[in-house]
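Going by my numbering, the first residue of the sequence shown is number 1152, and it counts up by one from there.
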Amino acid sequence: MKINTKIRYGLRTVLEIAKSTDPGGVLQKDIAENQQISIKYLDSIISSLKVKGIVANVKGKGQGYRLTRPAEEITVWDIYTAFEPITMVDCIDNKSFCDKSSKCCSRDYWIELREDYSNILKAKTLAQIIEKAQREG
């Protein structure tokens, strides 16, 4: 399984915002520069994060972005699902996708795998990632 670029850059973007103590938030140009993401691509990433309610604009001229909740309350799952659902195989969410779904012995495994993967993503917060990075320098 490969995690797509938007998810990876989305996590980097949110971590950049989470690390900031500036009440004016983090400017998009600073995120782009620090994370080496083009402004155009970052626009798309931030748009998805705003729709999901993870980041918001700070009001006022020259203001940036801030988290909508404390970093302790935002998980990797929140970031991941801002860009795509967690789907291992198509038949998990749509039994009609495959005519074997009702009698397929592997379908339950895929459902279990998705649940385990989701739980791992839900268990890790932005604060935990930042704390570990600070400890390890």
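Glycine is no exception: its CB is placed at the ideal position from the N, C-alpha and C atoms.
Task: Backbone CA spacing between Leu1277 and Gln1285 [nearest angstrom] - done: Roughly 12 angstroms between the two C-alpha positions.
TODO: Return the CA-CA distance between Gly1288 and Asp1244, expressed in angstroms with no decimal places.
DONE: 41 angstroms
- [ ] For Thr1232, name the three-state secondary structure that DSSP assigns.
- [x] Correct three-state label for Thr1232: helix.
- [ ] Can you tell me which of the three DSSP states Leu1178 falls into?
- [x] coil
Task: Rounded distance between the beta-carbons of Val1209 and Gly1175, thought under 8 angstroms - done: The beta-carbon distance between Gly1175 and Val1209, rounded to whole angstroms, is 6 angstroms. This is short enough to meet the 8 angstroms contact definition.
Open item on the list: Need the endpoints of the beta strand (DSSP E) that Asn1208 sits in, please.
Closed with: 1206-1208
Task: Pairwise C-alpha distance: Lys1254 and Ser1189 - done: 47 angstroms
TODO: Hey, could you find the ends of the beta strand (DSSP E) Arg1217 is sitting in?
DONE: Here the beta strand (DSSP E) through Arg1217 covers 1216-1218.
Task: Reduced DSSP secondary structure (H/G/I, E/B, other) of Thr1156 - done: Helix at Thr1156.
Open item on the list: Pop quiz: Met1239 and Arg1265 are said to be a contact at Cβ under 8 angstroms. What is the actual Cβ separation, rounded to whole angstroms?
Closed with: 5 angstroms
Open item on the list: Helix, strand or coil for Thr1226? Go by DSSP, reduced to three states.
Closed with: strand
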